[in-house]
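Residue numbers (UniProt numbering), protein chains in the order written: chain R, 1 to 120; chain G, 1 to 78. Cβ atoms here follow ideal geometry from the backbone N, Cα and C, with glycine treated the same way.
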Amino acid sequence: MSDAQSTIKETVTNNDVVLFMKGTKEMPQCGFSSRVAGVLNYMAVDFSDVNVLSDETLRQGIKDYSDWPTVPQLYVKGEFVGGCDIITEMTLSGELDTLFSENGVSFDKDAADKIREANG
Amino acid sequence: MPMQAHEIEDLLRASFPDATITVEGNDGVHMAAMVVDESFRGKNRVQQQRAVYAALKGKMDGSNGELHALALTTKVPD
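Here's what the structure looks like:
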């Protein structure tokens with residue numbers, strides 16, 4: 001396993017919720033990354049952000065790791081959950097709430113409901 | 001080289017001959033596609049979208065990719 005692959009594995013294993021994104025959660029640098037980080041922030045999820053733009057080996061490495069061609073990528077308890085479109089759909093359908101609940105990840109249920117009300 | 005909507009549709013059509021395919025956007029960089037196909041039945045969203053990405057044969061790959069962003073929706077027919 002290459003250095004990048006070991007680093008990624010360690011990161012997703014040691015953090016309950018990790019978002020690989022372009023930019024940071026405070027300052028996203030791509031609309032898709034911004035959308036997912038925004039949802040997690042709004043739902044008050046405690047997550048680690050990894051800026052793939054800061055490291056070219058990581059930028060390619062995360063795509064190889066998940067066999068998924070785009071960033072952002074969300075991981076919960078070491079499992080790849082999906083990219084921007086999947087997270088958006090799961091937020092609106094309530095599946096993301098279920099996933100967090102099942103994995104013991106705390107989040108603001110009222111905020112999640114507000115997102116659904118605003119986009120229902 | 002940006003991709004036109006019909007080129008994306010052709011690529012998808014080759015892998016999903018019986019699917020309902022809608023491609024929107026024409027700036028060639030930020031596009032949206034919806035694929036509704038029976039082959040998605042029983043697969044989760046990650047598996048469904050992986051199949052679509054595979055059909056695009058590397059067009060999404062990193063800085064050399066022709067498509068920066070493809071908003072993707074995959075569904076099983078009703």
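Q: Run through the segment 16-67 of chain R for me and flag every whole alpha helix (DSSP H) of 4 or more residues, listed as ranges in chain order.
A: 31-42 and 56-66
Q.
Determine, for Ala5 (chain G), whether the minimum Cβ-Cβ distance to residues of chain R falls below 7 Å.
A. no
Q. Could you check where the alpha helix (DSSP H) with Lys9 (chain R) kicks off and where it finishes?
A. Asp3 to Asn14
Q. How many Å lie between Arg35 (chain R) and Val52 (chain G) at the Cα?
A. 22 Å
Q. What in chain G is Cβ-close to Gly38 (chain R), meaning under 8 Å?
A. By Cβ distance, chain G contributes nothing, its closest Cβ being about 16 Å from Gly38 (chain R), past 8 Å.
Q. Whose C-beta lies closer than 8 Å to the C-beta of Lys25 (chain R) among residues of the same chain, with five residues either side of it excluded?
A. Leu19, Ala37, Leu40, Asn41, Phe47 and Asp49
Q | Partners in chain R for Val46 (chain G), counting only beta-carbon separations shorter than 9 Å | A | Ser66, Trp68, Phe80, Val81, Gly82, Gly83 and Ile86
Q | Partners in chain G for Glu89 (chain R), counting only beta-carbon separations shorter than 8 Å | A | Arg45 and Thr73
Q. Could you give the distance in angstroms between the alpha-carbon of Ala19 (chain G) and the alpha-carbon of His30 (chain G)?
A. 22 Å
Q) Excluding sequence positions up to five away, which residues of its chain have a Cβ less than 6 Å from the Cβ of Thr70 (chain R)? A) Gly83
Q. So what does DSSP say about Ala69 (chain G), is it helix, strand or coil?
A. strand
Q. Taking the Cβ atom as the reference point for each residue, do Arg116 (chain R) and Leu96 (chain R) lie within a distance shorter than 7 Å?
A. no
Q) Can you round the beta-carbon distance between Arg45 (chain G) and Glu79 (chain R) to whole angstroms, since I take them to be within the 8 Å contact cut? A) Wrong, their Cβ atoms sit about 13 Å apart, outside the cutoff.
**Q.** Environment of Asp16 (chain R) [buried if 16+ CB atoms lie within 10 Å]
**A.** buried
(Q) Assuming contact is defined by CB atoms lying nearer than 7 Å, are Ala33 (chain G) and Leu70 (chain G) in contact in what I supplied? (A) yes
Q: With distances taken Cα to Cα, identify the nearest neighbour of Ile62 (chain R) among R:Asn119, R:Lys9, R:Met43 and R:Gly120.
A: R:Lys9
Q: Could you check which residue in G:Gln4, G:Phe16, G:Leu67 and G:Lys59 has the C-alpha nearest to that of Val35 (chain G)?
A: G:Phe16
**Q.** 9 Å Cβ cut-off: residues of chain G touching Phe32 (chain R)
**A.** Ala69 and Ala71
Q) Within 10 angstroms of its Cβ, does Val76 (chain G) collect 16 or more other Cβ (buried), or is it exposed? A) exposed
**Q.** For Gly25 (chain G), the residue or residues it bridges with in DSSP
**A.** Partner(s): none; Gly25 (chain G) has no beta bridge.
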